[in-house]
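In my numbering, the protein residues as written are 8 to 265. Built from N, CA and C at the ideal position, the CB exists for glycine as well.
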Amino acid sequence: MSRTYEELEAEAASAPVEGWDFSWLNGRATEQRPSWGYLRQLGERMARASAALDIQTGGGEVLAGVPKRPPLTVATESWPPNVAKATKLLHPLGVVVVADSDEPPLPFADSAFDLVVSRHPVTTWWTEIARVLQPGGTYFSQQVGPASVFELVEFFLGPLPAEIHRRRHPDDARAQAESAGLHVTDLRLESLRTEFFDIGAVIYFLRKVIWMVPDFTVERYRPQLRALHERIQRDGPFVARTTRFLIEAHKPSASSNR
């Protein structure tokens, strides 16, 4: 017997959304993973680094999953519930968590790290990344690409302008990285299938990923949520396309500048 809208709403509206762990969605939504294997590649780079910075670490879940971290590893996070969660998870692993506003400047000296990473940053401050990287250092990141899950976003907000569909394009990231003095050595974009199997998954997702529908609350969007619930009940999972891009960039070594 299928569950009612009221039951699904109540469950999803009360679920905790701190951190960047999406295990609550297991069995309720699926997202195809990019082919490049970000965590595996991140682990390889972390194992070779001597000082690493993870920007916008969320609850620290991704960084905690790295098998071997450098002797000096630092993570930044701005949202207080995530700062607390990341501190609890990462401090026992020897990682320093710094509460940061996610606005420039980064609270670190020039050339402090030979590896800077970020998974799904809201904003990438390229000039600051270049500043804190040592000559020869690497920036490695998986990011949300253009028009990601816009089928869902536009269900609630209506059609969005073409210029909004163009935001977060990897070509722009390349241009910004190079403008900051970095050399992009890898840039890949993939479009991936995402499915939501019930309205509870949609509510949880929009509560957690707050920039998708910035003014989202269950109360404000209940008519649309009910309509989407009925659509899923009638037609099956709601399908959207998630976009992700991988970017790796290097700061020129001192010898290459001579």
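Taking C-beta atoms as the reference points, residue 93 and residue 67 count as a pair closer than 8 Å. Buried is the label assigned to residue 207, since at least 16 other Cβ atoms lie within 10 Å of its Cβ. Pairwise C-beta distances place the segment 194-212 in contact with the segment 12-23, as three or more of them are shorter than 8 Å. In summary, residue 129 is exposed, with fewer than 16 beta-carbon neighbours lying within 10 Å of its beta-carbon over all protein chains present.
By DSSP's assignment, residue 146 forms a beta bridge with 123, 256. Using a C-beta cut-off of 8 Å, the segment 77-95 makes no contact with the segment 237-249, since fewer than three inter-stretch Cβ pairs fall below that distance. Three or more beta-carbon pairs separated by less than 8 Å are not found between the segment 93-113 and the segment 146-165, which leaves the two stretches without contact.
Residue burial is scored here from C-beta neighbours: residue 126 has at least 16 other C-beta atoms within 10 angstroms and is therefore classed as buried. Ranked by Cα distance from residue 229, the first of 163, 204, 221 is 163. Just so you know, the alpha carbons of residue 85 and residue 63 end up roughly 7 Å apart. Within the same chain, 187 come within 6 Å of residue 134 by CB-CB distance, once the 5 residues on both sides are set aside. In this structure, the CA atom of residue 117 is about 21 Å from the CA atom of residue 55.
The Cβ-Cβ distance between residue 252 and residue 195 falls below 8 Å.
For residue 61, DSSP records a beta bridge to 82, 124. Counting the other Cβ atoms within 10 Å of the Cβ of residue 138 gives 16 or more, which makes it buried. For residue 34, the closest of 178, 244, 12 by C-alpha to C-alpha distance is 244. In terms of Cβ geometry, residue 144 and residue 113 do not form a close pair [threshold 8 Å].
Here residue 39 carries a coil assignment [DSSP, helix/strand/coil]. Relative to residue 14, the option among 131, 218, 233 whose CA is nearest is 233. With fewer than 16 other Cβ atoms inside 10 Å of its own Cβ, residue 98 counts as exposed.
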